[in-house]
Structures are given as C-alpha cells and as structure tokens.
Amino acid sequence: MRRRTFLPALPAAALGLAACAGTRRATVGSQDGAEAMLLAEIAALVLEKKAQAKVERRLALGNSSALLQAIQNGDVHVYPEYSRQGYKVFFKQEEPIDDAMATEKLRGLFRSNALAEWLNPLGFESNHMVIGLRENEAISKFSTLSALVGQGERYVLGFTSEFSQSPEGYATLKSVYPIAEKSAPRIEPLGQLYFGLGEKRIDLLVTTSNDPLAYEGKYVIFEDDRTAFAGNRASYLVRAESPEAEQAYVAALSSLSGKLNNEAMRALNAEVLIQKRAIAEVAAAWVAKLG
169 MRRRTFLPAL PAAALGLAAC AGTRRATVGS QDGAEAMLLA EIAALVLEKK AQAKVERRLA
229 LGNSSALLQA IQNGDVHVYP EYSRQGYKVF FKQEEPIDDA MATEKLRGLF RSNALAEWLN
289 PLGFESNHMV IGLRENEAIS KFSTLSALVG QGERYVLGFT SEFSQSPEGY ATLKSVYPIA
349 EKSAPRIEPL GQLYFGLGEK RIDLLVTTSN DPLAYEGKYV IFEDDRTAFA GNRASYLVRA
409 ESPEAEQAYV AALSSLSGKL NNEAMRALNA EVLIQKRAIA EVAAAWVAKL G
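As numbered in this note's numbering, residues 169 to 459 make up the sequence shown, in order.
In structure tokens:
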C-alpha cells in the first residue's frame, strides 16, 4: 500500500465552518458498522450538549483513509478511530508497548502529519478475533490460535474485505499463525460469514472482540496467544480548526475518555445488532445514563 499523502488543513473561514452568530458547527463522521456509528452518534450528542454545537452527522461516510482526508479537507470535524489504524496504516510505525507512551506518540504523529488531535482512549479495545463453530470437532478441541498451526489439519478461513486489505489483517494473521488452508479464504460481509460458518462452508471466522454475536455460546473463541492483534484502542480524532472551536470540541469529548470499557461497548453493539434498536436511541440512552 502506498504511503498516504497528508494534506494541510484548510482555513476554517474559507470553508464556512467557523462559528456563526455564536453557534459552533461541527460535522461528525464515521466508518460503516454498528460500533463506529454508535461512537459517532455518542460524540454528536456530547458536542451538542457540552460544546453547544450544531452538529451534522455523516455516518458510514467511508473507510478510515477517507475520513482522515475529510478531517484534512474540513469536511469532518470529528470521527472515531483506532490506534492500530494510526500506527500500522497511516504512519507505518511500531507502537510502543507502554499505553501512555503509545497515546502520546500517536498524538504527536497526528498533530504534525495530519493537523488533528488524538484524544485519550475511550477505555476499550477492538481487536481482531478468530472464532469457530463449537460443534466442529476438528477445531473445538483447541483453545488458542497457535494450537491450530502444524496439526496436519487444513481449514477454510472467512473474513471481510476490510480485514483482507488491511496491513494488520490477513497478512499479519498468516505471518504470526501460519494456519494451513484448504482453499482460498472466503471474503464476504460479516453477516454472510456467520451463515457460512453455520453451514460449515468455512471453519474459522475473523471478527472483532466486541462482536456480540461471537459470545452467544455456540462458538469457540480462540485466544490470540502470540498477541498478533492486541492493543487496538478506540478514541476520537478532532480536526485542528480554530483554537476556540478545537478547544471546545476537545474539552467536550475528553469527558468520555476512559468511560467506555469492552463490556459496555459489546453491550451497546448487542442492542443494535441483536435487539435491533436504532443507533440514535441506543447512543442517547447511554449518554443519558453517563450523565
């Protein structure tokens, strides 16, 4: 993948995005998927309540690269992002082991290369995770990913196109865990992959650690015992626009840092994906509960 060129942020006044008549205007974007849209809606609600901003929502706007470009262009002020995307994809750098150092280094990289502010993490991680059907005896006897390697068995893997294209995706999985495969992986949307797993068209499905469907009891969750995917912390990225607006947005959204752990994020995802509640309704209830 070619290194991305980061464009200088354009003046807010030229874009008509500055505060008007005492009202700040903010555009909140997100990637596709329930988790990203939930985080974006939470950010929008907090900006409305704490920064008195008039917020435009642009959910499911595109992938992370498109959203970072939107931040640069002034089309988006805030969107949720993950630390491994910053380190592995945007900046092609190794992440420090120490969490505090990792946050500060990434904050510096975004400030100097993208003119954006990386906030302190929300409190949860979204790591890649491999699961299999518990009734599949060929895999249910194992509990770790390393145990699947070198057993003489061959498996069919399934994952999304995003995972297949990501520098931290399929290539990383195979380099750390050289799992023998029967055939080329099946690349499909996550919902179809679950059907494929149930119909035994695939043996191993790659999802994320906050996918509530994976915890229903009928799946084996394989431990990432070589920590190929650990440490993917979620946070917000804020456009460095005018000092006044940036300070207001950073102050408002920083109130969420450390407030959302893995269990809580998984529960919110479950309300959308399993209980089929509207994203706006779920986000509003959580923000109200947070106070």
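For every residue, glycine included, the Cβ atom is placed at its ideal position computed from N, Cα and C.
Predicted model, so just to flag it, every value in this text is computed and none were measured.
What three-state label does DSSP hand Tyr383 in the structure shown? Shown here, Tyr383 sits in a helix according to DSSP, grouped into three states.
How would you label Lys256, buried or exposed, when you count the other beta carbons within 10 angstroms and need 16 or more for buried? That one is buried.
Is Phe331 helix, strand or coil when you go by DSSP? In the structure shown, Phe331 falls within a helical segment according to DSSP collapsed to helix, strand and coil.
Output yes or no for whether 8 Å exceeds the beta carbon distance between Gly489 and Leu428. Since the displayed the chain opens at 169 and closes at 459, residue 489 lies outside it and no answer follows.
When you compare each of Phe259, Ala268, Ala402 and Ser294 to Leu277 by their alpha carbons, which one comes out closest? Of the candidates Phe259, Ala268, Ala402 and Ser294, the residue whose Cα lies closest to the Cα of Leu277 is Phe259.
I'd like to confirm something about Ser294: is its beta-carbon nearer than 7 Å to some heavy atom of the ligand GTP, or not? Of the ligands one can find in the structure shown there are none, so the ligand GTP has no counterpart to examine.
Nonlocal neighbours in the same chain, by C-beta distance under 6 Å from Lys457, ignoring five residues either side: Cβ neighbours of Lys457 beyond the five flanking positions: none.
Val388 versus Ser410: straight-line alpha-carbon distance, rounded: Near 49 Å, if we compare the C-alpha coordinates of Ser410 and Val388.
Please state the DSSP three-state secondary structure of Gly276. In the displayed model, Gly276 falls within a helix according to three-state DSSP.
Reference Leu207, options Arg279, Ile355 and Arg434, closest by Cα: For Leu207, the nearest C-alpha among the options comes from Arg434.
On the DSSP letters alone, give me the boundaries of the alpha helix (DSSP H) that Ala419 sits inside. Going by DSSP, Ala419 is part of the alpha helix (DSSP H) stretching over Pro411 to Ser422.
Using 8 Å as the cut-off, can you tell me whether the segment 271-289 makes contact with the segment 361-381, which would need three or more C-beta pairs spanning the two stretches below that distance? These segments do not touch.
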